[in-house]
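Residue numbers (mature numbering (1 follows the signal peptide of the UniProt record, and there is no 0)): -21 to -1, 1 to 133. Just so you know, even glycine gets a beta-carbon here, dropped at the ideal spot from N, CA and C. Here's the structure we're looking at; comments come further down.
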């Protein structure tokens, strides 16, 4: 009986630790935050732009819309299609293959979804790939704060 009580007590002590270990650590967004400047104006992303494997990843819709592209989200295939001035980009969540005007392009970081502290799921895309595919010029500086500059002309 004492062994059963001891096992029950140990199990109860472990439960709160297991629950807290499964909570998402949103400090990642702050630790790896990247500032984004489009045509001289700082963009405000929610969640913020984030460095992942040396790629700046941003929520897809605000970037596409800021660059003047029309966006269609196809939930069944988890595909994003964006068009602007005769350019069509197709990307699929968790795939490193994208298409620009039906030409296959290998991505350095696949699009992904992530839950943010507001409770919503967001889809992140590679800022450089999207911006350059839509005709923008992208530069990056590390100091004093990691910053991506996008120059885009309409």
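Can the beta-carbon of residue i be found closer than 8 Å to that of residue j?
{"i": "residue 87", "j": "residue 71", "result": "no"}
{"i": "residue 106", "j": "residue 28", "result": "yes"}
{"i": "residue 112", "j": "residue 56", "result": "no"}
{"i": "residue 48", "j": "residue 62", "result": "yes"}
{"i": "residue 131", "j": "residue 42", "result": "no"}
{"i": "residue 15", "j": "residue 37", "result": "yes"}
Alpha carbon to alpha carbon, what distance is there between residue j and residue i?
{"i": "residue 101", "j": "residue 95", "result": "7 Å"}
{"i": "residue 50", "j": "residue 122", "result": "33 Å"}
{"i": "residue 40", "j": "residue 125", "result": "22 Å"}
{"i": "residue 80", "j": "residue 120", "result": "30 Å"}
So residue i and residue j are supposed to be a Cβ contact under 8 Å. How far apart are they, rounded?
{"i": "residue 108", "j": "residue 93", "result": "The pair is not a contact, with the Cβ atoms about 18 Å apart (cut-off 8 Å)."}
My output table needs one value for residue i: the three-state DSSP class, helix, strand or coil.
{"i": "residue 117", "result": "strand"}
{"i": "residue 24", "result": "coil"}
{"i": "residue 54", "result": "coil"}
Report the partner residues of residue i according to the DSSP bridge assignment.
{"i": "residue 106", "result": "DSSP output for residue 106 lists no bridge partner at all."}
{"i": "residue 130", "result": "116"}
{"i": "residue 45", "result": "Note: residue 45 sits in no beta bridge, so no partner."}
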